[in-house]
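Report on one structure; see the data block that follows.
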């Protein structure tokens, strides 16, 4: 199945994330704590915690930090309780935005998210106002030049839902969230190293923004991503 050009967007987003490396550990720690609190501290029995720990290792977080935060979440150490809250809204040109947060103070968080939207040309919507434009799925992306036939054979055999070749040659493998880990492991075992591998909210359709509109949208996204309580920002804009 053919798809639009997402490679530039993915590389752009990765670059922005690398610039904000200092916040990565904070976000991963919150993800570990919520995953452990909800599903327990046993990695073998908790897929969400396994993914969070994989992220932590990829970000070079020491094992002691990982264990300490699992212990906090499961009651072995005193810690903060975080709750997950999702906000939805619109950016420049009506682009859809989802903001996932983890917070110990929802009053503070909603005020900060609403202020960011209002100040930078967007507006917050109600629950469900844009989420229908996204699909919750596993997304594994390979750089242009990767063998499409090999990716397709391994991915579909391992249980992937779809393999999409974008206009620029990048290859996307889409999975159900529950199948993400098995498909990713099968691809890596076959020697196929992805550029991006995550469970995400993938936009079903995109809106192209150029020039000043693209700059304004990027500013809004940057401000949202810089908020302390924000874990992830998903949108359907091609900048």
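Numbering (UniProt numbering), first residue to last: 1 to 239.
Every residue, glycine too, gets a C-beta built ideally from N, C-alpha and C.
Who are the Cβ neighbours of residue i in its own chain at under 6 angstroms, not counting the five residues just before and after it?
i: residue 73; result: 33, 36, 37
i: residue 197; result: 140, 184
i: residue 41; result: 70, 74
Give me the Cα-Cα distance between residue i and residue j, rounded to the nearest whole angstrom.
i: residue 225; j: residue 52; result: 19 angstroms
i: residue 97; j: residue 39; result: 28 angstroms
i: residue 145; j: residue 170; result: 7 angstroms
i: residue 205; j: residue 133; result: 7 angstroms
i: residue 50; j: residue 44; result: 8 angstroms
i: residue 178; j: residue 48; result: 9 angstroms
i: residue 143; j: residue 155; result: 15 angstroms
i: residue 130; j: residue 89; result: 7 angstroms
i: residue 214; j: residue 208; result: 8 angstroms
i: residue 95; j: residue 85; result: 20 angstroms
i: residue 230; j: residue 99; result: 7 angstroms
i: residue 186; j: residue 124; result: 40 angstroms
i: residue 103; j: residue 82; result: 5 angstroms
Counting C-beta neighbours from all protein chains within 10 Å, is the total for residue i 16 or more, i.e. buried, or is it exposed?
i: residue 109; result: buried
i: residue 235; result: buried
i: residue 69; result: buried
i: residue 75; result: exposed
i: residue 220; result: buried
i: residue 194; result: buried
i: residue 80; result: exposed
i: residue 128; result: exposed
i: residue 101; result: buried
i: residue 233; result: buried
i: residue 106; result: exposed
i: residue 122; result: buried
i: residue 212; result: exposed
i: residue 112; result: buried
Is residue i near the ligand SAH, judged by its Cβ being under 7 angstroms from some heavy atom?
i: residue 196; result: The model on display carries no ligand, and the ligand SAH is accordingly not part of it.
What residues match up with residue i in a beta bridge as DSSP calls it?
i: residue 123; result: 90
i: residue 100; result: 86, 232
i: residue 145; result: Answer is none; residue 145 lacks a bridge partner.
i: residue 163; result: 173
i: residue 128; result: Beta-bridge pairing links residue 128 to no other residue.
i: residue 134; result: 203
i: residue 237; result: 207
i: residue 140; result: 173, 197
Leaving out five residues before and five after residue i in sequence, what residues of the same chain have Cβ atoms less than 8 angstroms from its Cβ?
i: residue 223; result: 116, 119, 120
Enumerate in chain order the residues of its own chain whose CB-to-CB distance from residue i is below 7 angstroms, with the five nearest sequence positions on each side excluded.
i: residue 59; result: 24, 25, 28
i: residue 30; result: 82, 102, 231
Self-check item: Any beta strand (DSSP E) of 3 or more consecutive residues that is wholly inside the stretch 165–212
Solution: 171–175, 196–203
Exercise. For the stretch 35–90, list the beta strand (DSSP E) runs that are entirely contained and at least 3 residues long, ordered along the chain.
Key: 83–90
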